[in-house]
Amino acid sequence: MHFKTAFLTLLFLSALSQATFDHDQIPLDEYGMIMVHDAASGYLDTNNIVTKEVYDWTRTQDMPTHSAADLLFCGARSFDWRPSYKESKLQAHHGDVTIEHTFSDTLDEITFWAAANPTELVIMHIWDCVSDDSGDCTTEVLKELSFRNLTAIDDCNKLNGITVGEAKALAQAPSSGLGLVLPIMPTTGNTGGQACSAENYDESIACWGTKSFTKSSSDPANPDVFDCIELENINVDALYKDLSVEEKNGLMTTYMDKVSQAGPSQGSVPMYQIQALWEESVASVVIGELHLSSLIEDEAKSKLNALTASYVNADRFPNLNYIEVNNVCDGGPELLAALSAFNDKHASARK
């Protein structure tokens, strides 16, 4: 969906779903939100022919105006954020790829949007902080947050059992006018998960027919690992025929059902994700490159975000917390509206 169209759609849908229900009493781990996977990768420029091939399989989001606020306009309310402090510059990274956009600018983009939307809770899960010998990444992140009167949650246990309203109270930055931005960066006590969120990663859920090379669903000891196709003796040009769209969606749907049915309290951390995105592996990236695809195009062509929204609208999922997506500006406003309706139902049931 074109960014302008997505923005107008979001405004319309937001007007339709104005809070007639009080979401503040919903437990935070039962509150449906869109998390954007590797959010900072949206800053990468894939127009450079030298870096295009690498960035195509690194960039998970599209930022039309090169701002994190783009993702918020498209429906994101939670960020998977991975900082990098190298050569005395606090930026971000995805794996080995440094993303040259300062954390300071990112915070400005997010807090300006939050200040203009003061009822919206925005959560930043800050983790995988990498450094070189020029300084300590965690220390530098905390400095930037403190400069804006933002206090990071430093222990996952502080989020146990809290409601959306209590999370908003934690996010309040007195007299700062920064809106409801809650950074989570555990450094003490319970530091589990991806900054207090259980990721529920399953490498077998890939867009390009891949197979787990460490497990097999034919192994009785691993009954929950899904079958995908073997890579040996395969006609790459006929890959879609070897694993049809229906089969791919079936693998994804089975995975989403399983995580939703498990519900809250997954492991030792207070929040959890359904990763509604095509996972990356060495094999899936190689095959995707042969098809001249990318992480963004994989989502756009498969319409995975639209499929996920249709499942939420159909009340398929009994429990939801984070739905983590790629390419949120394709179908994000519709998914946000579906989650708002889901949250309305839960709020109504708690009256």
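Counted the way mature numbering (1 follows the signal peptide of the UniProt record, and there is no 0) counts, the sequence shown spans residues -19 to -1, 1 to 332. Every residue gets a Cβ at the ideal spot worked out from N, C-alpha and C, and that includes glycine.
Proximity of residue i and residue j at Cβ, strictly below 8 Å
i, j, result
"residue 303", "residue 22", "no"
"residue 108", "residue 42", "no"
"residue 256", "residue 315", "no"
"residue 85", "residue 115", "no"
"residue 140", "residue 9", "yes"
"residue 252", "residue 321", "no"
"residue 15", "residue 324", "no"
"residue 144", "residue 3", "no"
"residue 18", "residue 258", "yes"
Proximity winner among the options, relative to residue i (alpha-carbon distances)
i, options, result
"residue 20", "105, 284, 233 and 46", "105"
"residue 246", "173, 69 and 125", "173"
"residue 39", "260, 327, 165 and 242", "260"
"residue 238", "296, 7, 124 and 134", "296"
"residue 66", "56, 77 and 57", "77"
"residue 249", "16, 282, 142 and 290", "142"
"residue 333", "327, 164, 294 and 242", "Because the chain here runs from -19 to 332, residue 333 falls outside it and cannot be looked at."
"residue 290", "56, 243 and 11", "56"
"residue 298", "11, 329 and 3", "11"
"residue 54", "168, 27 and 93", "93"
"residue 111", "62, 243 and 240", "62"
"residue 36", "48, 52 and 75", "75"
"residue 326", "294, 307 and 311", "294"
"residue 123", "148, 168 and 96", "168"
"residue 307", "26, 52 and 32", "52"
Own chain residues within Cβ distance below 6 Å of residue i, not counting five before or after
i, result
"residue 101", "none"
"residue 233", "186"
"residue 121", "66 and 71"
"residue 146", "5"
"residue 240", "181 and 255"
Cut-off 7 Å between Cβ atoms - residues of its own chain near residue i, not counting five sequence neighbours on either side
i, result
"residue 336", "For residue 336 there is no data in the structure shown, the boundaries of the chain being -19 and 332."
"residue 98", "160"
"residue 219", "With a pLDDT of only 40 at residue 219, under the threshold of 50, the placement of this residue in the model should not be trusted; the figure read from the coordinates follows. Counting only Cβ-Cβ distances below 7 Å, and skipping sequence neighbours, we find nothing."
"residue 319", "290, 293 and 294"
First through last residue of the beta strand (DSSP E) which encompasses residue i
i, result
"residue 421", "The first residue shown for the chain is -19 and the last is 332, placing residue 421 beyond what the model contains."
"residue 67", "64 to 67"
"residue 164", "161 to 165"
"residue 282", "Premise fails: residue 282 lies in the alpha helix (DSSP H), 276 to 283, not in any beta strand (DSSP E)."
"residue 306", "303 to 306"
"residue 106", "102 to 107"
"residue 47", "From DSSP, residue 47 is part of no beta strand (DSSP E); its letter is neither H nor E."
"residue 15", "14 to 17"
"residue 73", "70 to 75"
Cα-Cα separation between residue i and residue j, rounded to whole angstroms
i, j, result
"residue 88", "residue 13", "23 Å"
"residue 159", "residue 150", "13 Å"
"residue 341", "residue 309", "Residue 341 falls outside the range modelled here, since the chain spans only -19 to 332, and no answer is possible."
"residue 200", "residue 300", "The predicted model places residue 200 with a pLDDT of 39, which falls under 50 and marks its position as unreliable; any figure quoted below should be read in that light. Straight-line Cα distance between these residues: approximately 29 Å."
"residue 103", "residue 129", "15 Å"
"residue 79", "residue 280", "23 Å"
"residue 278", "residue 331", "40 Å"
"residue 313", "residue 50", "13 Å"
"residue 64", "residue 24", "13 Å"
"residue 284", "residue 254", "19 Å"
"residue 152", "residue 162", "5 Å"
"residue 90", "residue 183", "32 Å"
"residue 28", "residue 118", "29 Å"
"residue 46", "residue 244", "36 Å"
"residue 166", "residue 132", "9 Å"
"residue 282", "residue 34", "18 Å"
"residue 83", "residue 170", "29 Å"
"residue 126", "residue 134", "11 Å"
"residue 202", "residue 48", "Caution is warranted here: a pLDDT of 42 is assigned to residue 202, below 50, making its placement in the model unreliable, and the coordinate value is therefore given only provisionally. Whole-angstrom Cα-Cα distance: 46 Å."
"residue 311", "residue 113", "36 Å"
"residue 32", "residue 26", "8 Å"
Boundaries (first-last residue) of the alpha helix (DSSP H) holding residue i
i, result
"residue 150", "145 to 152"
"residue 258", "Element bounds for residue 258: n/a, residue is neither H nor E."
"residue 317", "313 to 330"
"residue 119", "118 to 128"
"residue 33", "33 to 37"
"residue 22", "That residue, residue 22, is in no alpha helix (DSSP H); it is neither H nor E in DSSP."
"residue 2", "Segment: none, residue 2 is in no alpha helix (DSSP H) and carries neither H nor E."
"residue 298", "No alpha helix (DSSP H) contains residue 298, which DSSP labels as neither H nor E."
CB contact check: residue i to chain C, cutoff 8 Å
i, result
"residue 326", "In the structure shown, chain C does not exist; there is a single protein chain."
Own chain residues within Cβ distance below 8 Å of residue i, not counting five before or after
i, result
"residue 148", "9, 102, 104, 140 and 163"
"residue 328", "2, 3, 4, 6 and 7"
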